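Position 291 of the sequence shown, counting from 1, maps to 293 under the working numbering, and the rest follow consecutively.
Read the structure below first, then the notes.
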Amino acid sequence: MTFHRETARFTLVGISCLALAAAAAGCGGSSDPSDTGGAGGGGAGTGGASSVSSGAGNPSSGSTSSGNPGSTTTTGSVDPSATTSTATGTPSTTSTTSSTGAGTPTGACPPSATFCSDFEGTGLPEGATYRPAYQAADALKNMEIDASTFHSGSSSLHVKPGASGYDWRMLSVPTPGSKFWVRLYVRSSVDIGQSDHNAYFQAMTGSGDPNEGENVEVAEQYCQIVLNMRDDVVLSEGGDFRCGSGGANLPKDQWHCMEAYFDGAQGDVQVYANGTKIIDKTGWKKLDFKTFSFGYLGFHGPARSMWYDDVAVAPERIGCPP
Ligand SMILES: [Ca+2]
3 MTFHRETARF TLVGISCLAL AAAAAGCGGS SDPSDTGGAG GGGAGTGGAS
53 SVSSGAGNPS SGSTSSGNPG STTTTGSVDP SATTSTATGT PSTTSTTSST
103 GAGTPTGACP PSATFCSDFE GTGLPEGATY RPAYQAADAL KNMEIDASTF
153 HSGSSSLHVK PGASGYDWRM LSVPTPGSKF WVRLYVRSSV DIGQSDHNAY
203 FQAMTGSGDP NEGENVEVAE QYCQIVLNMR DDVVLSEGGD FRCGSGGANL
253 PKDQWHCMEA YFDGAQGDVQ VYANGTKIID KTGWKKLDFK TFSFGYLGFH
303 GPARSMWYDD VAVAPERIGC PP
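Right, dumping it as structure tokens:
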């Protein structure tokens, strides 16, 4: 299988990475807390910080400021006005490969990435499969490449609002093994951290279809970000099993850099929001992950729009670009 890798044309503005919580561990990316290299990993000092909100805000409409969408890379479609030149409309992106290995900004697409997309193509990214499979024909009704909101470049993946109850709208990609890292820029029309159980992305032992294998969700409940595996819930730092108790949540209508580390063989899961570790679970059920899925998995709602940009999956920590 060949894996697709797109160039992430980061603007180097990185608004989300300015949005750090208290213990600001920085968005530099290499503070790998799992002993797979890298030092640091500080941050995350408990302190009960109740929300990983961003002090600095530009809560205004989403675009990443400055007019130059990433002139650091020289791949063809940097100019947003040129992106429409891919006339085909087929559900594969223009493969602007990031072959220029060195010089890639930290946090972009690492050479080892098994999936990396900035959602600058005209359809769903190559290498990603819409789930559930039986709704694949509606993939581009339930999701779209959205040029009105983006973290990098000129577009992102918009997961459209659906039912207010159960609603599974996800893209699935293979993982590089049962141990891997993900990095996603995420934005939601409601606060990330609602009272009832819904999920954003997950490591899965199956193909990504519902009811297949075991899943470890990065989800929400009790007004905070949590892990959920068959309703076994792991709270975020400082939280309790009730709303208003603390725990980490992320404000709506802003881009947030989320990272997660899954080690299926050890049963370890860590979640980071804007560089700060918010969940650290060790010794959970040992699972052989095959698939990573992201989008929206609603169980209780409310229905919402979610956007994803600069999503990467790799064997080592990817980090948030500056
Ligand atoms: Ca983009």
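Note that the Cβ used here is the ideal one computed from N, Cα and C, for glycine as well.
Since we're looking at a predicted model, the values are computed, not measured.
DSSP bridge partner residues for residue i (one or two, in chain order)
i	result
K292	K292 is not bridged to any residue.
L252	I194
F243	DSSP, once it has assigned bridges, lists no residue as partnering F243.
S119	V313
H160	E146 and W309
F182	F264
D270	D265
W224	A small fix is needed here, since residue 224 is Tyr in this sequence, not Trp. The partner list for Y224 (beta bridge, DSSP) is empty, contrary to what the question assumes.
P176	T293
D140	Note: D140 sits in no beta bridge, so no partner.
K283	V271
E219	Q204 and N230
H153	The partner list for H153 (beta bridge, DSSP) is empty, contrary to what the question assumes.
R171	Y298
T2	Residue 2 lies beyond the stretch modelled for the chain, which goes from 3 to 324, so this question has no answer here.
R133	M172
R189	W309
C259	Y187
Beta carbon proximity, residue i to chain D, threshold 8 Å
i	result
R244	No chain D appears in the structure shown, which is made up of a single protein chain.
Close Cβ partners of residue i (< 7 Å) along its chain, the five nearest in sequence each way excluded
i	result
R171	N144, M145, V161, G164, G297 and Y298
Y168	G300 and F301
S158	F121, D148, T151, F152, W309, Y310 and D311
A141	L126 and Y132
L186	F203, M260, F296, Y310 and V313
Own chain, CB closer than 6 Å to residue i, minus 5 neighbours either side, in chain order
i	result
S166	G303, P304 and A305
S180	G266, A267, D290 and F291
C225	G195, S197 and C245
S87	For S87, the predicted structure reports a pLDDT of 36, less than 50, and the residue's modelled location is therefore unreliable. A value from the coordinates is still provided. Around S87: no qualifying Cβ.
G241	Q226, S247, G248 and G249
G269	G285, W286, K287 and K288
E216	T207 and L289
E219	A201, Q204 and N230
W257	S18, H153, Y187 and R189
Exposure label - residue i; buried when at least 16 CB within 10 Å
i	result
F243	exposed
G125	buried
A139	exposed
G72	With a pLDDT of 37 at G72, under the threshold of 50, the predicted position of this residue should be treated as unreliable, and no value is reported.
T2	Outside the displayed span of the chain (3 to 324) sits residue 2, for which this structure offers no information.
R189	buried
S191	exposed
S83	Because S83 carries a pLDDT of 38, less than 50, the predicted location of this residue cannot be relied on, and the following value inherits that uncertainty. Its Cβ having fewer than 16 others within 10 Å, S83 is exposed.
Y136	exposed
P113	exposed
R232	exposed
S62	Residue placement at S62 is flagged as unreliable, the pLDDT there being 37, under the threshold of 50; the coordinate-derived value follows with that caveat. S62 is exposed by the Cβ-count criterion.
V228	buried
Sequence-distant residues of its chain with Cβ nearer than 8 Å to residue i (five each side left out)
i	result
N213	none
T293	S174, V175, P176, T177, A205, M206, T207, G208, S209 and G210
* Should the stretch 267 to 283 be called in touch with the stretch 295 to 315, which here means at least 3 C-beta pairs below 8 Å? -> Touching, no.
* Specify which residues have a beta carbon nearer than 7 Å to any heavy atom of ligand 1, listing them in chain order. => Result: D120, F121, E122, F152, H153, S154, G155, S156, S157, S158, D311 and D312.
* So, do the stretch 203 to 211 and the stretch 286 to 295 have three or more beta carbon pairs nearer to each other than 8 Å? -> Yes, the stretch 203 to 211 is in contact with the stretch 286 to 295.
* Inter-stretch contact at 8 Å, needing at least 3 Cβ pairs: the stretch 124 to 136 / the stretch 262 to 271 -> Counting Cβ pairs under 8 Å, fewer than three are found: no touch.
* Are there three or more Cβ pairs, one per stretch, closer than 8 Å when the stretch 111 to 120 is compared with the stretch 313 to 324? -> Contact between the stretch 111 to 120 and the stretch 313 to 324 is present: three or more C-beta pairs spanning the two stretches fall below 8 Å.
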